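*Asks:* In this note's numbering, the protein residues as written are 478 to 689.
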Amino acid sequence: MRLDHLSYAAGPDGLASTAQRLGGLLGRDFVDGGVHPRFGTRNMIMPLADNTYLEIVEVLDHPASDKAPFGQAVRARSALGGGWLGWVVAVDDITVVESRLGREAASGYRHRPDGTELLWKQIGINGLIADPQLPFFIQWESPAELHPSAGADTAFSLACLEIAGDPQRVSEWLGETVEAPLEDVKVEWVAPHGTPGIIAAQVQTPNGLVRI
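1. Out of curiosity, what's the CA-to-CA distance linking Gly570 and Trp617?
2. Skipping 5 residues on each side, what residues in its chain have a beta carbon closer than 6 angstroms to that of Ala657?
3. Provide the residue span of the beta strand (DSSP E) that contains Gly585, from first to last.
4. Could you check the C-alpha separation between Thr672 and Glu622 for me, to the nearest Å?
5. List the whole-angstrom C-beta distance separating Gly585 from His513, where the pair is believed to meet the contact cut-off of C-beta under 8 angstroms.
6. In chain order, what residues of the same chain lie with their CB nearer than 8 angstroms to the CB of Leu596, ignoring the 5 residues before and after it?
7. Measure how close the beta-carbons of Gly674 and Pro590 come, nearest whole angstrom, since I'm counting them as under 8 angstroms.
8. Which residue's Cα is closest to the Cα of Gly710: Gln497, Asp661, Phe614?
9. For Arg554, report the span of its beta strand (DSSP E) as first-last.
10. From what residue to what residue does the alpha helix (DSSP H) around Ala493 run?
11. With Gly511 as the anchor, note down where its beta strand (DSSP E) starts and where it stops.
12. Here's the rule: buried if 16 or more other CB atoms are within 10 angstroms of the residue's CB, otherwise exposed. What is Asp481?
13. Mind checking who Trp650 pairs with in its DSSP beta bridge?
14. Can you round the beta-carbon distance between Ala541 and Gly548 to whole angstroms, since I take them to be within the 8 angstroms contact cut?
15. Using a Cβ-Cβ cut-off of 8 angstroms (strictly less than) and excluding sequence neighbours within five positions of Arg505, which residues of its own chain qualify?
16. Relative to the alpha-carbon of Leu578, which residue among Glu594, His588, Gly592, Gln599 has its alpha-carbon at the smallest distance?
17. Are the stretch 642 to 649 and the stretch 664 to 671 in contact at 8 angstroms, needing three or more beta carbon pairs?
18. With a cut-off of 8 angstroms on the beta carbons, I'd call Val662 and Leu635 a contact; round off their distance for me.
19. Do Pro612 and Val566 have their C-beta atoms within less than 9 angstroms of each other?
20. Quick one: is Ser494 buried, meaning 16 or more other Cβ sit within 10 Å of its Cβ, or exposed?
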């Protein structure tokens, strides 16, 4: 179990403008990640060190976005003006999580602009919708060399996550201590005065620490 990526929902100005704004803050461009046909979404990504990456995601005008929990979650967050959607934990065997949560994972895929297909399974979106401090889980079915973090400039890394929530609640959701998947990433827990969830991420860049 390890931190895989962070998802950020595009604002009302759309995916490209949101990616340009955040990329400008970080000093590096996001790249086109492709469309998620089963979820009715598309993304742009920024690879980071330590097999992690940032994802900006936008809902499409597509029936799948109304049916798939992930599409629903993105649409709801974007409707609030965009911002951090959630954090994602990678597991080696998602059947363990399926057994614990009592439901099956959803299969996902997307084609990168070069035609390469990425395959994965994910579970836990409904938990995130109900309680945004909770991560969802992903098991990659594509080879490791195709992981979205491939080709990262290691000068860019996730340094700290600021989460409004309760670490005990998150540990119960994970089935193990919350520190387990985060390893080298510092987490600052803040008592939620509103909706729980990610407040900000601090990214180490060649120009210093950037909070977004």
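For each residue, glycine too, the CB sits at the ideal point set by N, CA and C. Note that the coordinates shown come from a computational prediction; the quantities given were computed from them, not determined experimentally.
*Replies:* Taking the structure as given:
1. Checking the sequence shown, residue 570 turns out to be Asp, not Gly. Distance between the alpha carbons of Asp570 and Trp617: 10 angstroms.
2. Met478
3. 583 to 588
4. 37 angstroms
5. Right, their Cβ atoms sit about 6 angstroms apart.
6. Ser584, Gly585, Tyr586, Trp617, Glu618, Ser619
7. Not confirmed; about 30 angstroms, so no contact.
8. Within the shown structure, residues of the chain are numbered from 478 to 689, placing residue 710 beyond reach of any answer.
9. For Arg554, no beta strand (DSSP E) encloses it; the enclosing alpha helix (DSSP H) starts and ends at 546 to 556.
10. Its alpha helix (DSSP H) spans residues 492 to 503.
11. 508 to 513
12. buried
13. DSSP, once it has assigned bridges, lists no residue as partnering Trp650.
14. Going by Cβ atoms, the distance from Ala541 to Gly548 rounds to 6 angstroms, so yes, they are a contact pair.
15. Met523, Asp630, Phe633, Thr682
16. Gln599
17. yes
18. 5 angstroms
19. yes
20. exposed
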